[in-house]
Structures are given as C-alpha cells and as structure tokens.
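A.B. asks:
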Amino acid sequence: MDISSWRKNRETVSHPSTVVKATDLETARTNIEKHLWASSFLEDLLREVNREPDTSPDYLERMVPRETPNSQLFTMCAKCESAPVHGL
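Note that the working numbering has the sequence shown beginning at 116, numbered continuously upward.
1. Using only the alpha-carbon positions, how far apart do L161 and I118 sit?
2. Is the CB-CB distance between L140 and I147 below 8 Å?
3. Leaving out five residues before and five after T138 in sequence, what residues of the same chain have Cβ atoms less than 6 Å from its Cβ?
4. Where R166 and P172 are concerned, what is the direct C-alpha to C-alpha distance, given to the nearest angstrom?
5. Roughly how many angstroms separate the alpha carbons of M116 and K123, rounded to a whole number?
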C-alpha cells in the first residue's frame, strides 16, 4: 500500500475536514434567512438531533476519527489519487 500521498499532505488538512466547506455553510445560512423551505428543513433537522439530548460532545467527538482511516478499501480522502469511496 502506497501512503506517500497521505504522508505528504496530512499536515495541510484544515480541520474539521469534511465534504461540507465554509462556503457551503454560508450558503445554507443565507438560504435559512431567505427561504421558508430552508428554515423548515433546519427545524426538522434540529428536532431529530434533539431526540438524543444525553449524547455528550465528548462522545460525538470520539465518533469521528481526526484523520482519515489508513485503508485503500474504505473511506480514503477524496483528494487522494486512486481513492475508492466507502469500500467500492
């Protein structure tokens, strides 16, 4: 397994590193302010999230690894070359 790309780029990642970027969040906030469909979606989402009020922030932090798992078979970084998505 060649992890040279990972070694080369791992320190360049800004966390949190997800498919949702800062510009996406800005767009969502704007949509929530302007559109009823967006604010309704947010309300529905928050209602679902709040069904689990006893989930601690520490537990949620531990659910997601800080770095992408080192596996070519599952969940490689989308920027890495030859990276299958979720174990294809």
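Even for Gly, the Cβ is constructed at its ideal location relative to N, Cα and C.
C.D. replies: With the given structure in hand:
1. As a first step, residue 161 must be located in the sequence shown, where it is residue number 46. As a first step, residue 118 must be located in the sequence shown, where it is residue number 3. Spanning the alpha carbons of L161 and I118 requires a straight line of approximately 39 Å.
2. In the sequence shown, residue 140 corresponds to position 25, counting from 1. In the sequence shown, residue 147 corresponds to position 32, counting from 1. No, Cβ-Cβ distance for L140 and I147 is not below 8 Å.
3. For the purposes of this step, residue 138 is taken as the residue at position 23 of the sequence shown. Correct list: empty, nothing qualifies.
4. As a first step, residue 166 is located in the sequence shown; it is residue number 51 there, counting from the start. As a first step, residue 172 is located in the sequence shown; it is residue number 57 there, counting from the start. C-alpha separation (whole angstroms): 15 Å.
5. What you label residue 116 is simply residue 1 of the sequence shown in a count that begins at 1. What you label residue 123 is simply residue 8 of the sequence shown in a count that begins at 1. Looking at the two C-alpha atoms, the distance is approximately 15 Å.
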